[in-house]
Amino acid sequence: MAAVAQPGATTVVQQSAGGNPWAGPPEGENVFGMITQNVSRLTEAKPPRAWYVAFAIALALLTMFGLSLAYLFYTGIGVWGNMVPVAWCFDIVNFVFWVGIGHAGTLISAILYLLRQDWRTAINRAAEAMTIFAVVCAAIFPGIHIGRPWLPYWMFPIPNQMGMWPQFRSPLEWDVFAVGTYATVSLLFWYMGMIPDFATFRDRSTTKIRRIAYGIVAMGWRGSSRQWHRYERAYLLLAALATPLVLSVHSVVSFDFATSQLPGWHTTIFPPYFVAGAIFGGFAMVVTLLVPARQFFGLKYIITLRHIELMTKVILGTGMLVGYAYGMEFFIAWYSGSLYEGFTFINRLFGPYAWAYWTMIFCNVVAPQIFWSRKMRRNVWVAFAVGVIVNVGMWFERFVIIGTSLARDFLPSSWGYYVPTPTDYTTLGGSFGLFFTLFLLFCRYLPTVAMAEVKAIMPEAHVQHGHGGAH
Amino acid sequence: MSQVKREERAAAPAAATSGGDDARGRWQELEALTERPGFQEFVGRELGVPLESLPPGSPERRRFLQLAGASLALAGVSGCRWEDDKLLPAAKRAPGMIPGETRAFATTMDLAGVGVGLRVTSADNRPIKVEGNPGHPSSLGAAGLFHQASILEMYDPDRSQGACRFGSGARVAETPAAADQALTEAFTAAKARGGAGVRVLSGYSSSVTVADLRRRFVAALPQAKWVEYEPIQDDAERAGAQLAFGKQHRTHYDFAKADVLVTLDADPMTAHPNSLAYARAIAARRDPDKGMSRVYVLESSFSGMSPIADHRLGLRAEHMKAVAAWLDAELSAKVGAGALGPAQPKPAAAFLGEGRVAKFLDAMAKDLAAAKGRSAIVAGAHLPAEVHAIVHRLNALLGNVGSAVTYTEIEERPDSVRSLEGLVAELNAGQVEWLLILGGNPVFDAPVDLAFPAALAKAKLSVHASLYEDETSRKCTLHVPLAHWLEAWGDTRAWDGTIAIAQPLIAPLYAARSVPELLAFLLGDADKDEAALVLLTGDKKLDGHAIVRRALAATLGDLRRWKRAVHDGFVPGTAYPRANPTLVQSRPLAFSGGELSGLGAANGALEVVLAADPKLYDGRFANNGWLVELPDPVTKACWDNVALVSPATAKALGVDDHALARVAVGGREVTIPVLVSPGQADGSVRLTLGWGRTDAGVIGGSREGLTPTFGTTVFDRIRGIQAPGVPSVGTDTFALRTKALLTFGGGGQVTPTGERRRVVGVQDFYSIDDLGKKGQEERAGQLLREAPLSEYQADPKFAAKRVHHPPLLSMWQPPVSYDGYKWGMTIDLNKCIGCSACMVACHAENNVPVVGREAVGRNREMHWIRIDRHYRGTAENPEIAYQPVACHHCENAPCEQVCPVGATVHSSEGLNDMVYNRCIGTRYCSNNCPYKVRRYNYFNFHLDLKEARNETLKMAFNPDVTVRFRGVMEKCSFCVQRIQKAKIKAKNARRTLRDGEVRSACQDTCPTDAIRFGDLNDAASRVKEAYGHARAYALLGELNNVPRLHYLARVRNPNPELV
């Protein structure tokens, strides 16, 4: 693990006139230096115009998000389309959607790390960042969807003079802890992984601000073998800690529905089904983000076609798991003999919300089948397109589960048809603004690729190679 | 003040020497303060100009003093409304009054000439709730929609608050004194003419007082004429009696004695002046354990009778005549007409030849003949006089007269429309100098072909005294406000004639007189016999109280009797005298038009029925939020009226739900959205009256630039302010109503416009997707359980067996043992007629907000109790059944388990309590509630209370119930405030509660006594008896929620021949 900071790699970044300062061919005098160079220049060089355009769009969406929430707080939940019986819809759909997205990061970082899947190193940093940002987006929704949004802290067990205490039988209370723990561990994991890379940035700093800022976050990393030893241990432990969380957080989120009495929610298959769906959606989001990123940021040489292909395989596999779950739901609904369960599922297929159901089936079950073809798996734009489609599909999956089950429950007298309002859409769109704003800032200021880890899996990093290659 | 303090602290050392202040800078004399440095500067800042810069006597200075003086003087003006003799400082507590404790007073309300005795709850001298007077024969403890919603009407800020003129079209406010003077002058002038050219137009009134003053009025102005017009009346019924007996008699039914009940397009249970009492009586005979009656309902549309019917035949209203004639022929032959003379010949009606109609009528006739002397036939008030005459004959034929059917002597009353027609002719002839309109709204509701508004303009002086500045007020020269019945003394006579006394619950909110007070004012002192007054009331003032006492002096001259009558609310023994009229030989009927047609009707020959609206009546309640938002019992639509057609007719006409169609009849047409109701007779289009008001108020619609009360979002409010007025709610169907087409008539045509207008409602309408309909049908039998009487007798516990489920096990230990009280409720589905009185009762009792059309369209209505309507049966034989659903207070409440903050918790008495303060509004409880009875404040639905003009609405609230803020969940509490109140009372008396001491608001007002509530630990309680009844079942009990609301399954008593 020698190659961390490369003080020698001082090749000046060439600002090709009119071109993308971030892209261009890999630079650097050796393979390690090349990696450092390529990743670091993203934060050192002035970003291309595309970044500014993208950032402006994201910021505009974020502003829309802020305005939507201000309107919501000022007026009430009624600015959304929620009603009785569909008391939850876009709010909780968005929450589950974003929590789901937030799964791939930790899965890639932790589980694949434990399984020694070295290919993960190229994408894990971006995936983890995506996780954090998705969890940020997700965590907003439970807070704002409550009728009195100035009181979400009542869900936390804070000792108080009124003797009020949360009600721990409620799955919403479980959510607070599940998502809270997940966010904390993911953040720690992400941050810890970045420390060696922050040190690299610090050491390459040409300005004082950069040196101080990256110096603080690098926490005095010197790359000594003792530090590396401790680092590796801690990383392994955090990976082990994060692994069950990957499974637990979405299982707990699924309890919101599974423990209720509502036909269409009251299903034991939900925990594994939700986890599979989350991984499915999370990988799709990683692909959606990384295909353009590697294209525009000149990371093609680090995030290779092999990575894309492996991810599409995961999408194909988890997509089929999800498809199986869809089918199994129908079987159980029929097998239960319950009038209401049976109706709920038939209603999904052919009822007023059939369009949502069939959109979901197309996006989640049909579309990924294209990845049976190797050629398609290695076509980054196909991968990108399917990634987007799967994300749409996963959003619709939550809409189908939450919206359509609620819309027609036990007593036909209370049946209703949920129609979203413009504010519903601006809130959904605005949450993407938050996500992309954070992600673009990440691309601009933080190590997008885990340089240290990538270098560690390079052939050059291995002693045999070094000797063999040199002579 | 802080400003001064800071200054003085700086000046402290200097002040210490001046002697006025102590060392800490406190000043003791005013001079000491004003002399301080900085004080002048401070005053300058306060006044905008330095005081010293103003020369003494400068205009600004004088202006300032003027304004200061004027504002001081005007501060007292706000109190000017009150008459000084009414302003009593509560220095001493009035006897019997405990602050915060509600009190109940008996009073009575008159609607179109029939009174119902009521009991009004008053909280700190504000009436807040209207309930029935249990002793009054027309109430029996129940109160109808209109009575209950009157509370909101009284506090309605849109009520007329002062006199005004509409001479040149624009509204000019008039001071009370000027209005009084104008009235006095008019009266004096009229008196000089001997009353020539004076006409009074009023609605029907049963009041003895009004009758007395009418007599005095006509005596003072001998040539004056008093005309009565009421848009919804019983003229045909009276004419029918005239035809049958040669004299107007009133028919009374004792349904307890009717084993077989036949109704011909009649709805004695919800649309009859005596419906509260009749509903109780009919429902009482629907107990399958105690000799259940059999009910045959022939009607053109679903009504309050439909859910009670054992057999129902959908026939157009125009067919009823032939049915009556056929029954006469058939029954005369069966039981022998005897002295009654020859029967009607059997009419050759095409529809009578239809197999199912013939079968139905045959079986019914057989049943009637078999139950001779134990049956009753009722005809709808809107049916032609001949039908009523035949029904009188039929009841006589069957020996029902004297048992289930009785007659009384009543005062004859001329035909309403003909009276108005006479008035219009006089107006048009220029014979009317002064037209005084007392109440009513003839400009809106008179038959259109009379052209009343145009005629009205020809009166030299027209005065409209009414509760609102309505359509009629705008066409009159002078409008004066009327007091609400809750604000005035008065009296009414019940359907059976029993006199009831109305006492004011509150001083008039606005300077207004009641009708008797207005008339007494006009008559002036000349009419007053002071000596007699002093003798009677101890005072020579002729106020509302004295007027009523004077009018009732003959009956209630004695003070003790009077006090007793005021306390009880009614005077026993004052019913109309019984009559034993003899039948006049009837002539054979002549049939015309569609009366003999087949079951279907072609477009162009459709029957159009114009009925009083179940919620708005004739439109007078159009500005009442509780009623406008109350779902129609059948369609469940609110905030709109619709044209109802049968599914087959809709298909033939090419219309469906929400289709906007032109309904044309008699050369007039209205454009109105359509809803499909399976209970409609084919070829019959039902329209209800009273909608489409243009001068009702912020709810019903107004031409004024009022802001809609329901602007709940920022955008709505902006929109609302920009709007020139409030759009009318619904469509004005009076536009079709003519002398010839008062209630129904043929020749109607329905043309779809191709446009659609979404009708909002609280439940899906008839036409939903096939899958949904199938799903509804599949579960209908499990949700609303029903069996024929034979099955019930063979297996009384049939209801519990309708759903099969595995043994019910719970994860949780029962958290509470329910040792003390254990509250429970039962609803007898056999008795529920969907009248919705319970919903209005709940609105009033629990401060349930009105949310507006848009919110209802988004399924955000707030009713704590709703009445689920189930369409059942086949297309040929549709049925309707109702199931009221309130919170079930489940012992294993699914809502409680999922609330993250413990805002909905279980009480030790088994109540599922909402802690509004604790609720943060996650709405999870609503999602997990299988009954979906939880209601959520999606907005601050009380935002309208922030508007200054809505100040009075706050007074309508029940102070014992929290007004909920936005973002919290709410739901039925089993009227926990009533439970607590009764418990405190019992605890103070060191005893436990007795059965019947706690009554929920819905139970209190239920006309059919379908709802029982009480302590399940009390083995002798009525609710316990029902809870353990064989018919009792728990809705969705298979979910193991262990609900505390149980239903008693429906049992029908079909005729074996028709099964």
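From first to last, the protein sequence lines are chains E and H. Here this note's numbering is used: position 36 in the first sequence is 36, and no number is missing along the way. Here this note's numbering is used: position 108 in the second sequence is 108, and no number is missing along the way. All residues carry an ideal CB built from backbone N, CA and C; glycine is no exception. From a predicted model like this one, the values you see are computed outputs, not experimental measurements.
In this structure Glu173/E touches Pro900/H by the C-beta definition: roughly 4 Å separates them, less than 8 Å.
Lys831/H is classed as buried because its beta carbon has at least 16 other beta carbons within 10 Å across all chains shown. Residue range Val976 to Asn988 is occupied by the alpha helix (DSSP H) that includes Lys987/H.
Taking 9 Å as the CB threshold, Pro171/E lines the interface with chain H.
Of the candidates Lys290/H, Leu264/H, Asn274/H and Thr263/H, Asn274/H places its Cα closest to the Cα of Arg250/H. Unbroken beta strand (DSSP E) stretches of 3 residues or longer found wholly inside the stretch 258-315 of chain H: 260-264, 294-299 and 311-314, given in chain order. As far as DSSP is concerned, Cys899/H takes part in no beta bridge. Note on geometry: alpha-carbon atoms of Ile132/E and Thr421/E lie some 29 Å from one another.
Annotation for Ala800/H: Tyr1033 place their beta carbon closer than 7 Å to its own, counting only its chain and skipping 5 residues before and after. Going by DSSP, Pro481/H is part of no alpha helix (DSSP H) but of the beta strand (DSSP E) stretching over Leu478 to Pro481. In the three-state DSSP reduction, Phe410/E falls in the coil class, being neither helix nor strand. Between the beta-carbon of Leu276/H and that of Ser139/H there is about 5 Å, and that keeps the pair under the 8 Å contact cut. Interface flag for Arg210/E against chain H is unset, since no Cβ pair is found closer than 9 Å. Chain E places a beta carbon closer than 9 Å to that of Lys932/H, counting this residue as a contact. Rounded to the nearest whole angstrom, the C-alpha separation of Ser836/H and Val885/H is 12 Å. Ser301/H places its beta carbon less than 9 Å from that of Leu644/H.
By the Cβ neighbour-count rule, Met194/E is buried, with 16 or more other Cβ atoms within 10 Å of its own. For Asp110/H, the enclosing beta strand (DSSP E) starts and ends at Thr102 to Leu111.
With respect to chain E, the C-beta atom of Ile920/H has a partner C-beta closer than 9 Å.
Closest by C-alpha distance to Leu461/H, out of Leu261/H, Phe187/H and Asp449/H, is Phe187/H. Three or more Cβ pairs closer than 8 Å define a contact, and the stretch 211-221 of chain H meets that threshold against the stretch 519-533 of chain H. Against chain H, a Cβ distance below 8 Å from Phe343/E picks out Gly775, Glu778 and Arg779. Within 9 Å of the CB of Phe939/H, the CB atoms of chain E belong to Thr75, Gly76, Ile77, Gly78 and Val79, in sequence order along the chain. Inclusion of Lys359/H and Leu352/H in the CB contact set at 9 Å is not warranted, their separation being larger than that value. Contact residues of the stretch 965-976 of chain H toward chain E are Arg966, Gly967 and Val968 (C-beta to C-beta distance below 7 Å). The Cβ atoms of Asp613/H and Gly619/H sit closer than 9 Å to each other. Scanning chain H for C-beta atoms nearer than 8 Å to the C-beta of Val400/E yields nothing, as the closest lies near 15 Å away. Taking 8 Å as the upper bound on Cβ-Cβ separation, chain H lies near residues Leu339, Tyr340, Phe343, Ile346, Asn347, Phe350 and Gly351 of the stretch 326-351 of chain E. In the structure shown, Gly117/H adopts extended strand secondary structure according to DSSP, grouped into three states.
Nearest to Val961/H by alpha-carbon distance, out of Thr738/H, Cys890/H, Ala236/H and Ala844/H, is Ala844/H. A Cβ-Cβ separation of about 5 Å places Ala500/H in contact with Thr492/H under the 8 Å criterion. The Cβ atoms of Ile506/H and Met97/H do not sit closer than 9 Å to each other. Taking a beta-carbon distance threshold of 9 Å, Ser413/E counts as an interface residue toward chain H. When the beta-carbon positions are compared, Ile279/E and His103/E come within less than 9 Å of each other. Between Ser160/H and Tyr510/H, the gap from beta carbon to beta carbon is short of 9 Å. With fewer than 16 other Cβ atoms from the protein chains shown falling within 10 Å of its own Cβ, Gly337/E counts as exposed.
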